[in-house]
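> Anchor point for the sequence shown: position 99 equals 670 in the working numbering, and the numbering is continuous, going up by one each time.
Ideal placement from N, C-alpha and C gives every residue a C-beta, glycine not left out.
If you're wondering where the values come from, they're calculated on a predicted model, not measured in any experiment.
Have a look at this one before I ask anything.
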Amino acid sequence: MARTTTAFPGERNAQSPGWVAPNGRFFPCSAFEHDTVAEELAVRFYPHEARRKTGTHIFEEKHWVRLLDDGAFHAGPDMRGAPRITQAQRDRLFDLAMTDLDSDFSSKVLRWLDGAEELDLSNPTHHSLSII
């Protein structure tokens, strides 16, 4: 199996679908490879949990942002509510939007950022949100 994370190394600032960790690190991927990349990264960053849960499930619990190819994004297990993201995730998403302000991707990211709520990592209920 090809290693998607090698093909799309973290920290690239391109308008691409991918995952944004709570610390703001960006892991781009192809539009339909979120689950594959989540599995690879979960084994790497959360090896004990990856034995019991899928990478996507781990990322939802830890509030990683799933950034879609159209600029929409979700964070956390509640896909219907307003996404709750960290300041570092907000900053990274804003940086991604700024790379091409005229794109539909940027417009949608900025609209979603307006509706996102702040996730406070100092809150004791979020201690399980270990950051890579």
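Curious, which full-length alpha helix (DSSP H) runs of at least 4 residues does the region 622 to 666 contain?
Here the runs fully enclosed are 626 to 632.
> Would you report the Cα separation of E688 and G642, rounded to the nearest angstrom?
Their backbone Cα atoms lie some 17 Å apart in a straight line.
> Report the three-state DSSP secondary structure of F579 (helix, strand or coil).
Summary for F579: the model assigns pLDDT 41, below 50, so the residue's position carries little reliability; its value from the coordinates is reported in the next sentence. If DSSP states are grouped into helix, strand and coil, F579 belongs with coil.
> Is it buried or exposed for P618, if we count other Cβ within 10 angstroms and need 16 for buried?
Looking at its Cβ environment, which holds fewer than 16 other Cβ atoms inside 10 Å, P618 is exposed.
> In this structure, does DSSP put E610 in helix, strand or coil?
E610 falls in the helix class under three-state DSSP.
> Out of L612, L639, D640, which has the shortest C-alpha to C-alpha gap to T627?
Comparing Cα positions, the closest option is L612.
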